[in-house]
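Be aware that the sequence shown starts at 1, since it is given in full-length UniProt numbering, and climbs by one per residue. Ideal Cβ positions, reconstructed from N, Cα and C, are used throughout, including at glycine. Being a predicted model, the structure only gives us computed values, none of them experimental. The structure appears right after this line, and notes come after that.
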Amino acid sequence: MVTASARHILVDTEEQCLTLKSQIESGSDFAEVAKEHSNCPSKMQGGALGSFGKGQMVQEFEEVVFNAELNKVQGPVKTQFGYHLVEVTKRTD
Numbered sequence: 001m002v003t004a005s006a007r008h009i010l011v012d013t014e015e016q017c018l019t020l021k022s023q024i025e026s027g028s029d030f031a032e033v034a035k036e037h038s039n040c041p042s043k044m045q046g047g048a049l050g051s052f053g054k055g056q057m058v059q060e061f062e063e064v065v066f067n068a069e070l071n072k073v074q075g076p077v078k079t080q081f082g083y084h085l086v087e088v089t090k091r092t093d
């Protein structure tokens, strides 16, 4: 079974998502930005979601996680929950 590990930052607006992505790409630490800005309880772990398989996350999120380049910030990804920045940290085939 294909699994992945990822971390994310969840915010309410695309604009906020883009601003945070710019901060991370300019050198801010993903985990610190997640702790400060994310609306998800995972912010306490720096946005880490742990390991999960296909079918466990909403479709829009999952499409990014199982296709994105590792360790590169992706997004904004819009889901029913808001806008996400996603970083895939590990994937197994």
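Note to self: I need the straight-line Cα distance from G53 to H8, nearest angstrom please.
What the structure shows: 16 Å
Checklist line | Residue interval of the alpha helix (DSSP H) (run including A34) | finding: F30 to H37
Notebook entry, point to check: Who are the near neighbours of R91 in its chain, counting only those whose CB is closer than 6 Å to its CB and skipping five residues on each side?
Noted result: A4
Note to self: Is it the case that the segment 31-44 contacts the segment 58-65, given that we only count it when at least three CB pairs across the two stretches are under 8 Å?
What the structure shows: no
Margin query: Can you tell me whether S5 is helix, strand or coil according to DSSP?
Written below: strand
Check: Under a three-way DSSP split, which group does V11 fall into?
Finding: strand
Next item on the list: With DSSP as the reference, label C61 as helix, strand or coil.
Entry: Looking at the sequence itself, residue 61 is Phe, so the reference to Cys does not match. Helix at F61.
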